[in-house]
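Residue numbers (our numbering): 216 to 894.
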């Protein structure tokens with residue numbers, strides 16, 4: 216992102232002058248503070264001074280006061296991200312000048328994340344949780360706290376020093392295998408640590424608070440994972456990881472998989488065949504059959520003949536009905552009915568299918584699918600030869616139908632056969648020993664594939680069941696993991712992580728590798744503070760003009776982004792410019808199956824895994840063994856590494872890098888004010 220300037224002219228009615236005045240005050244306060252870079256203390260001071268109610272407001276001012284505070288909160292968020300004032304009067308103009316140094320840019324982004332993280336750590340509920348975890352308590356396994364699962368760096372460094380002193384590399388490998396013995400532990404609801412009696416979910420959450428960015432729950436499918444060390448008492452935590460539902464759109468990833476329109480068409484041009492033609496027809500037929508149509512048929516809205524031989528009229532009719540139904544849903548969302556479907560043991564899928572939300576989705580998909588069928592019939596797809604198919608690909612309408620069909624197939628598979636790595640890293644003292652690369656490798660273990668299948672293989676699919684009007688259970692076959700670097704640099708823990716499959720029992724010349732696929736668009740919502748998000752939610756709830764975002768699963772992609780976009784639009788602020796934060800992160804993908812593309816596109820249903828799906832715990836141990844040889848032994852030769860490990864002490868007073876650092880509230884009245892406001 217180059218030099219960017221944004222002029223902010225929010226719709227504030229009688230409070231327009233108040234906005235200009237307060238922005239001028241913010242500009243002046245930053246200059247008086249003389250703070251470079253921006254600190255948490257300065258931001259808390261700005262929020263306390265300028266996000267305060269108006270003194271003795273008139274009735275007209277009261278109407279626009281919430282909009283004023285929300286617009287000012289957006290300005291302060293941008294200041295936290297490194298934006299500066301190009302002008303505060305007679306209009307507010309903010310500009311962003313990117314740095315040319317990757318290291319400086321990384322530090323800027325890290326500070327921006329840490330500022331919001333610091334505010335989260337000052338929330339009363341978060342502080343109570345952290346302090347409770349650090350306090351020793353009597354469990355069924357004795358007296359324990361979170362410190363019980365932190366490894367003492369002095370003890371670890373002493374043992375590693377003895378291994379480094381050995382002259383024989385085989386003895387070093389054997390010795391280091393006795394000092395660090397990692398294994399995977401999957402965090403399931405209410406699971407208790409067998410060594411300490413602590414709840415595994417609490418252990419995972421505590422260490423997540425040591426990350427530089429804020430801890431947030433993720434909607435959709437998710438798996439939390441601990442990496443533990445069996446070589447020390449109480450099996451200390453090496454690192455944490457989490458998998459979450461994949462984002463629907465990711466340009467670099469989709470191109471690599473083959474979901475990109477150009478790649479799809481080239482693939483079909485290169486290998487046209489009768490088998491491919493039959494596959495296309497079967498996939499289209501499956502999509503149409505997968506949509507509940509009983510109400511449409513009952514109402515005479517369409518007939519079965521329409522499904523086999525659709526007309527332009529019926530396609531347009533379905534599209535119009537989709538638009539009408541979504542408008543009815545926005546007026547009367549029946550949120551409780553939809554949200555109950557995610558928690559109830561038994562769901563009336565037919566009733567859910569006939570709600571306005573899913574009626575709209577069903578009508579839209581049928582309209583698209585019947586358009587594709589109409590084109591296939593026109594070009595006599597099923598009756599034609601491979602040569603005729605190749606000729607048809609020269610016609611734009613036929614190519615567009617193929618691309619639309621593949622997009623429908625992608626929407627079905629993106630949430631089933633792939634996951635995103637949302638958290639991945641090591642905690643002290645293992646982070647000094649490149650433990651982050653170990654966690655990366657262990658996520659490729661067949662144990663992870665099995666746990667994913669165990670957890671989601673028999674689960675009813677909410678969207679698919681609601682679309683079909685009856686229970687749908689899909690096989691959960693994990694074939695691909697994707698992730699992004701946090702700070703936009705290719706020098707991350709994922710870089711150069713590759714494992715010869717043969718070392719883990721796989722075939723020669725095959726490699727498990729975190730491949731760099733490209734960069735993300737730098738578009739998102741991480742730079743908006745929790746305070747701004749709360750104000751936007753209140754603003755939307757009071758607005759008569761805003762499109763309501765109900766956070767109903769199935770309503771649309773990323774409700775948070777839709778709320779922010781809608782809130783900024785209500786304020787009259789340029790949503791597209793403000794959502795483009797410019798942090799272009801590196802996108803990585805790691806294929807778990809050699810035919811992952813065929814599975815994700817729909818040409819195959821059986822993954823051919825790179826690592827054998829047998830002796831699963833043994834495969835994890837072999838991955839750890841490869842990490843020790845490839846990364847750990849070399850790391851131990853580096854000057855100062857053992858001294859860094861030694862710094863992390865679990866002896867009182869505890870000085871350990873895996874401890875969450877809480878700033879004292881009593882020393883900062885501003886942070887105390889906002890911590891109280893947050894709750």
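Backbone N, C-alpha and C define an ideal beta-carbon position, used for all residues, glycine too.
Requested in this report: From the DSSP output, read off the bridge partner residues of residue 699.
Outcome: Beta-bridge pairing links residue 699 to 802.
Requested in this report: Round the Cβ separation of residue 676 and residue 568 to the nearest angstrom and send it over; I've been treating them as touching at under 8 angstroms.
Outcome: Wrong, their Cβ atoms sit about 13 angstroms apart, outside the cutoff.
**Report entry** residue 264 at chain D interface by Cβ criterion, 8 angstroms
**Finding:** The displayed structure is made up of one protein chain only, and chain D is not part of it.
Query raised in the report: Shortest alpha-carbon distance to residue 571 belongs to which of 537, 722, 595, 602?
Result: 537
Query raised in the report: Within 10 angstroms of its Cβ, does residue 854 collect 16 or more other Cβ (buried), or is it exposed?
Result: exposed
Query raised in the report: How do the segment 612-628 and the segment 836-854 stand: do at least 3 beta-carbon pairs fall below 8 angstroms, yes or no?
Result: no
Query raised in the report: Based on the DSSP output, what are the partners of residue 635 in its beta bridges?
Result: 459, 697
Query raised in the report: Looking only at C-alpha atoms, which of 426, 401, 428 sits nearest to residue 415?
Result: 401
Report task. Determine the contact status of residue 921 and residue 335, defining contact as a CB-CB distance below 8 angstroms. Result -> Residue 921 lies beyond the residue range present for the chain, which begins at 216 and ends at 894; the question has no answer from this structure.
Report task. Compare the beta carbon distance of residue 605 and residue 487 with 8 angstroms and say whether it is the shorter of the two. Result -> yes
**Report entry** residue 729 to residue 823 span [Cα, whole Å]
**Finding:** 18 angstroms
Report task. Output the distance between the C-alpha atoms of residue 349 and residue 339, rounded to the nearest integer angstrom. Result -> 15 angstroms
Query - residue 780 classed as buried or exposed, judged by whether at least 16 other C-beta atoms fall within 10 angstroms - result: buried
Query - Residue span of the beta strand (DSSP E) that contains residue 445, given as start and end - result: Per DSSP, residue 445 lies in no beta strand (DSSP E) segment and is marked neither H nor E.
Query raised in the report: Is residue 735 buried or exposed, if buried means 16 or more other CB atoms sit within 10 Å of its CB?
Result: Buried, by the Cβ-count rule.
Query raised in the report: Would you report the Cα separation of residue 392 and residue 453, rounded to the nearest angstrom?
Result: One C-alpha to the other measures close to 15 angstroms.
Query raised in the report: Between which two residues does the alpha helix (DSSP H) harbouring residue 730 extend?
Result: Note, residue 730: premise wrong, no alpha helix (DSSP H); beta strand (DSSP E) at 730-734.
Query - Every unbroken beta strand (DSSP E) within the segment 350-430, with a cutoff of 3 residues, ordered by chain - result: 352-354, 357-359, 397-402
Query raised in the report: Per DSSP, which one or two residues make a beta bridge with residue 300?
Result: 309
**Report entry** residue 863 burial status per 10 Å Cβ neighbour count (16 or more: buried)
**Finding:** It counts as buried.
Query - Complete runs of the alpha helix (DSSP H) confined to the segment 590-630 [at least 4 residues] - result: 601-607, 611-628
Query - alpha helix (DSSP H) runs wholly inside the segment 783-851, at least 4 long, in chain order - result: List check, alpha helix (DSSP H) in window: 790-794, 811-816, 831-842, 848-851.
Query raised in the report: Can you tell which of 618, 397, 409 has its C-alpha closest to the C-alpha of residue 354?
Result: 409
Report task. Could you check the C-alpha separation between residue 701 and residue 713 for me, to the nearest Å? Result -> Straight across, the Cα-Cα distance linking residue 701 with residue 713 is about 20 angstroms.
**Report entry** residue 257 - DSSP class collapsed to helix/strand/coil
**Finding:** helix
Query raised in the report: Per DSSP, what kind of secondary structure is residue 876 in: helix, strand or coil?
Result: coil
Requested in this report: Measure the C-alpha to C-alpha separation of residue 885 and residue 499 and round it to an integer number of angstroms.
Outcome: With a pLDDT of 45 at residue 885, under the threshold of 50, the predicted position of this residue should be treated as unreliable, and no value is reported.
Requested in this report: Identify every residue that forms a DSSP beta bridge with residue 441.
Outcome: DSSP, once it has assigned bridges, lists 400, 455 as partnering residue 441.
Report task. Report the option in 242, 593, 279, 244 whose CA atom is closest to the CA atom of residue 230. Result -> For the options 242, 593, 279, 244, the alpha carbon positioned closest to that of residue 230 is the one of 279.
Query - Where residue 481 falls, given that 16 or more other Cβ within 10 Å makes a residue buried - result: exposed
Query raised in the report: Can you find at least 3 beta carbon pairs, one from the segment 579-593 and one from the segment 510-528, that sit closer than 8 angstroms?
Result: yes
Requested in this report: Using three-state DSSP, classify residue 675 as helix, strand or coil.
Outcome: strand
**Report entry** Bridge-paired residues (DSSP) for residue 220
**Finding:** 310
Query - Cβ-Cβ distance between residue 465 and residue 802 below 8 angstroms - result: Against a cut-off of 8 angstroms, the Cβ pair of residue 802 and residue 465 comes out as a contact.
Query - Candidates 256, 639, 310, 472, of which the one nearest residue 459 by Cα - result: 639
Requested in this report: Please say whether residue 425 and residue 875 have beta carbons closer to each other than 8 angstroms?
Outcome: Result yes, Cβ atoms of residue 875 and residue 425 sit closer than 8 angstroms.
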